[in-house]
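A quick write-up on the structure given underneath.
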Amino acid sequence: MLEWGEFGFRCGALGLGESLSDLPMFLNQLHGTYHSPRYLESDPLEFVHRYSDPWDQEAVGLIAALLAYGRVAQIRRSVSDALSRMETAAGTPSAFVRGLPARHAEAGWRTTFEGWTHRFNRGGDLEVLLLLLADSWREHGSLGARFTRDLAPTATDFGPALDSLIGEWRGKSKALRPHQPTGSFDYFLTAPSGGSCCKRWCMFLRWMGRKDEIDPGLWTENGVLQKTFSPGRFLSPKQLVIPIDTHTGRLSSYLGLTARRTLDWKAAREVTEALRTCNPSDPVMYDFSLARLGILEVCTRTYRAEICGDCPLLPACRFARNGALS
Ligand code: SF4
Numbered sequence: 012m013l014e015w016g017e018f019g020f021r022c023g024a025l026g027l028g029e030s031l032s033d034l035p036m037f038l039n040q041l042h043g044t045y046h047s048p049r050y051l052e053s054d055p056l057e058f059v060h061r062y063s064d065p066w067d068q069e070a071v072g073l074i075a076a077l078l079a080y081g082r083v084a085q086i087r088r089s090v091s092d093a094l095s096r097m098e099t100a101a102g103t104p105s106a107f108v109r110g111l112p113a114r115h116a117e118a119g120w121r122t123t124f125e126g127w128t129h130r131f132n133r134g135g136d137l138e139v140l141l142l143l144l145a146d147s148w149r150e151h152g153s154l155g156a157r158f159t160r161d162l163a164p165t166a167t168d169f170g171p172a173l174d175s176l177i178g179e180w181r182g183k184s185k186a187l188r189p190h191q192p193t194g195s196f197d198y199f200l201t202a203p204s205g206g207s208c209c210k211r212w213c214m215f216l217r218w219m220g221r222k223d224e225i226d227p228g229l230w231t232e233n234g235v236l237q238k239t240f241s242p243g244r245f246l247s248p249k250q251l252v253i254p255i256d257t258h259t260g261r262l263s264s265y266l267g268l269t270a271r272r273t274l275d276w277k278a279a280r281e282v283t284e285a286l287r288t289c290n291p292s293d294p295v296m297y298d299f300s301l302a303r304l305g306i307l308e309v310c311t312r313t314y315r316a317e318i319c320g321d322c323p324l325l326p327a328c329r330f331a332r333n334g335a336l337s
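For the sequence shown, this note's numbering assigns the number 12 to the initial residue and increments by one for each residue that follows.
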């Protein structure tokens, strides 16, 4: 887990709520600028937008989100390579996933992902992940139907439902592991109960649980995959938790949204609760725009008057305030 100290700035002395009353206005201005499809190419969500079939989108979303660690260029290469292999083998990502269990059981089966790597992960890891996805489709109709089965409509957030899915997948993956060349598969299966901020799962679930011009919202109340769910089940934007990473963590620190020094599940929930005071029905609405400030290197770890002076967050930013005074 990352420590705030890595950002060269700590917010331990900051009082939560000090500037939260005006924060919605500042965040809405930021949202108006950066929550736009023109910035999608700076995000792995871009891959999901290339497809229109909802099962393609669910499969591609899972792959793109869980591989979203490391450098952006490397992520793009790894996701593109994986999708290209799947399309060459079966036409579409969803056709590949549907046919995978039968092909996997054939004698002499050679993985489509032989030689594929992404930092800690190897092709066998990806194959096991897609076998688990195929299992969800076969048993439940979609991964969303499997996930929302354990998501109580009254749950404040999806933490318990994610724990349930990860627990099930850890168990099922053991039977598939003889085909796995490395021990890196578990890197896909982070769980809130283990303390991880689960950034990549939170990101995937934001894509599935919000619907606008950025997030596809396949699992929302009127989402296209919701017809595969049990009656009354869906993922509400209210139940999402912010995908906290070095960018959103640093900016949350600047805005005093959390005093925690570690980027863990508690920090993700604390930031989400602070954002809930700004937008009770959709607290992670600001995630994409906040992350753009870091990803696009608008907000660096240095106070720059010419940049900060134009930033909508300036009135609430303790880091800029400190920088301007020093
Ligand atoms: S005011 Fe400056 S330091 Fe603060 S969030 Fe904006 S760009 Fe970053």
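Even glycine gets a Cβ: it sits at the ideal position worked out from N, Cα and C.
- Message: Quick test of your reading: Cys310 and Leu262, contact by CB under 8 angstroms. State the CB separation rounded to the nearest angstrom.
- Response: 7 angstroms
- Message: Buried or exposed for Ser89, going by 16 or more other Cβ atoms inside 10 Å?
- Response: buried
- Taking Ile255 as the reference, which of Ser247, Pro203, Asn290 and Thr288 has the closest Cα? Pro203
- So, are the CB atoms of Met296 and Gly72 less than 8 angstroms apart? no
- Query: Hey, would you say the C-beta of Cys328 is under 7 angstroms away from at least one heavy atom of the ligand SF4?
  - Reply: yes
- Could you say which of Ala166, Asp33, Glu57 and Leu141 lies nearest to Ser91 if we only look at CA atoms? Glu57
- Do you know offhand how far Ile177's Cα is from Leu38's? 33 angstroms
- Query: Closest to Asp54 by CA distance: which of Leu301, Arg312, Arg329 and Asp321 is it?
  - Reply: Leu301
- Look up Ser207 in the DSSP assignment and say whether it is helix, strand or coil. strand
- Query: Under a Cβ-count criterion, where at least 16 other Cβ atoms within 10 Å of its own Cβ denotes burial, should Met97 be classed as buried or exposed?
  - Reply: buried
- Message: Please give the ranges of any alpha helix (DSSP H) in the segment 85-170, keeping only runs that are unbroken, at least 4 residues long and fully inside the region.
- Response: 104-116, 134-151 and 154-160
- Message: In this structure, how does DSSP classify Thr345 when only helix, strand and coil are distinguished?
- Response: The first residue shown for the chain is 12 and the last is 337, placing residue 345 beyond what the model contains.
- Identity of the residue in Thr288, Gly135 and Leu304 nearest Leu187 by Cα: Gly135
- Cβ neighbour criterion (16 or more within 10 Å) applied to Arg244: buried
- Query: Pro242 by DSSP, collapsed to three states: which one?
  - Reply: coil
- Would you mind stating whether Ser184 and Leu141 have Cβ atoms separated by less than 8 angstroms? no
- Message: Quick check: Ala156 and Arg109, are their CB atoms within less than 8 angstroms of each other?
- Response: no
- Assign Leu307 to one of two classes, buried (16 or more other C-beta atoms within 10 Å of its C-beta) or exposed (fewer than that). exposed
- Cβ of Ile306 versus every heavy atom of the ligand SF4: is any distance shorter than 7 angstroms? no
- Taking 7 angstroms as the cut-off, does the CB of Ile255 come closer than this to any heavy atom belonging to the ligand SF4? no
- State the DSSP-derived secondary structure class of Pro291, mapped to helix, strand or coil. coil
- Using DSSP with H/G/I as helix, E/B as strand and the rest coil, what is Pro227? strand
- Message: Below 8 angstroms on the Cβ atoms is my contact criterion, and I expect Gly81 with Arg130 to pass it. Report the Cβ-Cβ distance as a whole number of Å.
- Response: 5 angstroms
- Query: If Asp197 and Ser175 are in contact, beta carbons under 8 angstroms, what's the gap, nearest whole angstrom?
  - Reply: The pair is not a contact, with the Cβ atoms about 17 angstroms apart (cut-off 8 angstroms).
- Who pairs with Lys222 in a beta bridge, going by DSSP? Pro227
- Message: Measuring only the C-alpha atoms, how far is Leu94 from Pro104?
- Response: 7 angstroms
- Query: Helix, strand or coil: how does DSSP classify Tyr80 here?
  - Reply: coil
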